[in-house]
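2 protein chains.
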Amino acid sequence: MSQPENRQFRLIRRPVGHVKREDFEFRTEPARAPEHGEIMVGVEYLSLDPAMRGWMNEGKSYIAPVKLGDVMRAGGVGTIIESKADGFVPGDVVTGALGIQTVATLAAKDCIKVDASLAPKPLFISALGMPGMTAYFGLLVVGEPKSGETVVVSGAAGAVGALVGQIAKIQGCHVVGIAGGAEKCRYIVDELGFDGAIDYKSDSVPAKLRELCPKGIDVYFDNVGGQILDDCLAQINLRARIVICGAISQYNNTTPVKGPSNYLALLVNRARMQGMIVFDYADRYPEGARAMAGWMKDGRLKSREDIVDGIETFPETLQKLFTGENFGKLILKV
Amino acid sequence: MSQPENRQFRLIRRPVGHVKREDFEFRTEPARAPEHGEIMVGVEYLSLDPAMRGWMNEGKSYIAPVKLGDVMRAGGVGTIIESKADGFVPGDVVTGALGIQTVATLAAKDCIKVDASLAPKPLFISALGMPGMTAYFGLLVVGEPKSGETVVVSGAAGAVGALVGQIAKIQGCHVVGIAGGAEKCRYIVDELGFDGAIDYKSDSVPAKLRELCPKGIDVYFDNVGGQILDDCLAQINLRARIVICGAISQYNNTTPVKGPSNYLALLVNRARMQGMIVFDYADRYPEGARAMAGWMKDGRLKSREDIVDGIETFPETLQKLFTGENFGKLILKV
């Protein structure tokens, strides 16, 4: 069988600061035929995530860095073209770390088969995929919100933040989101049902937090780090929980990360700050996906995808995450 | 009955940076006679603690600031001179917030009667008092060390740190202390049985941590903040626990507190950083004191007091905490 063409982005240089097109090679080669246990997948949608920036750096992290010369790592959803693995047949829809390429050949055991009749394919890399599981387990397991408590989330119009806020509302919390721009703020309040929104680009975050969180902050779900983390720390309650999910404001730094000057609020308030990585909850994904799908079916949870067409736009499209341009889960349509 | 003379330090100015003698008025007045429910105590030993610096500042903290004009707050131990409270009689030994003064008149319910036949009086404001309870509950409840894990403690020759390290050894941990100066380092290893010591004044803390903690850090008990907190964060293990007990390096800052730049190690390692205040464990002090007294009796736990004579030396003696001059629990003998 003649192999299909595979267009792909390989990382050829460790980016300094913001990612540039020259950090990658965009090339075309024949797709590799699957060996025993492997499948060949026609990639349809790729997930673009802030964490990808970290994977491009050298050095130990929670996951190995992408090696120079390798296809850039990315989660995705696609349809099997050819299979040498039991239980996987052409036409099956799978999700997994497919990479920024049009055709992925990889071990079937590293993929998850999904029922594409349940939801549009992009959802399997959005609310029903990694961002959904991050929001679900990060908020519920690490944040431990209780009904009546105040939950603040940053990056609130982003893939994870929008879900965190809605799940917190479902738990009976008072929910305030921090996002950039009037349109995103209107969206999280009017469309998603947040109790309040703070536009960090035009509002004074400390003053607005005082106004919108009159009883203080019990749970802060942090996607951004930097000054906003400090502003939230300054207003936490006794025994508050801070979930460190990301620090998008710091990922492209060429200077040291800004540490939270107000971390002694943890001492004064006997509060905790705890990091979370979604992969730790892999054995509980089915539980999370079931809950999320149920809430979506009931109309209590909405998911918004920002789908950009064309794998060739990858380096520039990824930048939308860091400039605050994306609105909802950023997805590349292949 | 003619009232005894009471010599006392009253806070008359909020210190800027380091505490100065001029921030206080040292005066003599007649002791106040006890009213119903009160006792008059002849103060014998006063506890000097880093937290006192925070109590001198204006603004919300875990405890109200000392008001300008009030006697400086301090824990102490002394003997009842006169009592108008049931169950308290002259000659009883009590601990409580006696304040920097020679005679304290206060509500008996705010004091704890201790059995002075069990231990020398200074111990009731050291290993069997607040520093002991801080070490015991901070390490065991917040730090949750497990046998075989690596525990690092800063301020390791100080009142709390020295006890933390010894309790961690009793739990079967590999224990490394960070202290200032060769004498303190020798003390914690040779006298207290720590597995290793780092002299932050002459060693490279990162290099020494790598050498002495080859398996990484599972629990870091932080008394100092600043650069040492960052150095430890850089070497934590998966699911590490960081106990924020104090930040003595930052208490006299006139510039903003240095936040931990490496806080994203919490994310990468799914670790947590949590503050602790000893007062939260007040209902469990008897349990803690019993355990500590038992270990001392068995010779497994040693306590060292640095006793300075003369209430009139208070402002200068307090400074020993911040210059690193004290060695063991700093106590003022009245």
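Heads up: the sequence lines are chains F and G, in that order.
Heads up: the first sequence is residues 1 to 334, going by full-length UniProt numbering.
Heads up: the second sequence is residues 1 to 334, going by full-length UniProt numbering.
Where a beta carbon is used, it is the ideal one built from N, C-alpha and C, also for glycine.
- With a cut-off of 8 Å on Cβ pairs, the segment 52 to 67 of chain F is not in contact with the segment 82 to 93 of chain F, counting fewer than three such pairs.
- Shown in chain order are the members of the segment 255 to 276 of chain F whose Cβ falls below 9 Å from a Cβ of chain G: Pro256, Val257, Lys258, Gly259, Pro260, Ser261, Asn262, Tyr263, Leu264, Ala265, Leu266, Leu267, Val268, Asn269, Arg270, Ala271, Arg272, Met273, Gln274, Gly275, Met276.
- Per DSSP, the continuous alpha helix (DSSP H) segment holding Gln319(G) begins and ends at 314 to 323.
- Residues of chain G whose Cβ lies closer than 7 Å to the Cβ of Tyr62(F) are, in chain order, Val268.
- For Ile244(F), the chain G residues whose C-beta falls within less than 8 Å of its own C-beta are Tyr263, Leu264, Leu266, Leu267, listed in chain order.
- Identification of chain G residues near Asp280(F) by a Cβ-Cβ cut-off of 8 Å yields Arg270, ordered along the chain.
- For Val151(G), the enclosing beta strand (DSSP E) starts and ends at 150 to 154.
- Just so you know, the alpha carbons of Glu144(F) and Glu325(G) end up roughly 43 Å apart.
- Residue state for Ile248(G) is assigned as helix, using DSSP reduced to three classes.
- Interface residue (Cβ-Cβ distance to chain G less than 8 Å): Ala247(F) is classified as such.
- Gly42(G): member of the beta strand (DSSP E) spanning 38 to 47, first to last residue.
- The beta strand (DSSP E) runs lying completely inside the segment 7 to 91 of chain G and spanning 3 residues or more are 24 to 30, 38 to 47, 76 to 83, given in chain order.
- Each residue's CA atom was taken as its position, placing Gly99(G) and Asp199(G) some 34 Å apart.
- Cβ-Cβ distances below 6 Å link Gly328(F) to Arg304, Glu305, Asp306 in the same chain, with the five nearest sequence neighbours on each side left out; the list follows chain order.
- The alpha-carbon of Ile170(G) is positioned some 38 Å away from that of Val89(G).
- Looking only at Leu140(F), Ser204(F), Cys185(F), Pro256(F), the smallest Cα-Cα distance to Val219(F) is reached by Leu140(F).
- Non-local beta-carbon contacts of Thr313(G) in its own chain, meaning distances under 8 Å to residues more than five positions away in sequence, involve Leu332 in chain order.
- Counted as a single uninterrupted DSSP element, the alpha helix (DSSP H) harbouring Leu267(G) occupies residues 265 to 268.
- Using a Cβ distance threshold of 8 Å, Ile236(G) and Ala197(G) do not count as a contacting pair.
- The shortest C-alpha to C-alpha distance from Gln319(F) to any of Arg21(F), Arg13(F), Gln8(F) is the one to Arg21(F).
- Shown here, Thr134(G) sits in a helix according to DSSP, grouped into three states.
- Here the alpha carbons of Val43(F) and Gly275(G) stand approximately 47 Å from one another.
- With a 10 Å radius around the Cβ and a threshold of 16 neighbouring Cβ atoms, Leu11(F) comes out buried.
- DSSP lists Ile244(F) as the beta-bridge partner residues of Gly275(F).
- For Tyr187(F), the secondary structure class from DSSP, reduced to helix, strand or coil, is helix.
- Of all alpha-carbon atoms in Pro286(G), Thr102(G), Cys213(G), the one lying nearest the alpha-carbon of Pro4(G) is that of Thr102(G).
- Assignment of Arg210(G) by DSSP, reduced to helix, strand and coil, places it in the helix class.
- The Cβ-Cβ distance between Gln166(G) and Lys302(G) falls below 8 Å.
- Taken through DSSP and simplified to helix, strand or coil, Gly288(F) comes out as helix.
- In the displayed model, Tyr281(G) falls within a helix according to three-state DSSP.
- Counting C-beta atoms within 10 angstroms of its own C-beta, Ala33(G) has fewer than 16 neighbours from the protein chains shown and is therefore classed as exposed.
- Within the same chain, and ignoring the five residues on either side of Tyr251(F) in sequence, the residues whose Cβ sits closer than 8 Å to its Cβ are Pro50, Arg53, Gly54, Phe322.
- For Glu35(G), the number of other beta carbons within 10 angstroms of its own is below 16, and it is reported as exposed.
- With respect to Ala157(F), Tyr187(F) sits close: the two C-beta atoms are nearer than 8 Å.
- Each of Asp190(F), Gly155(F), Asp195(F), Leu192(F) was checked against the Cα of Ile178(F), and the nearest Cα belongs to Gly155(F).
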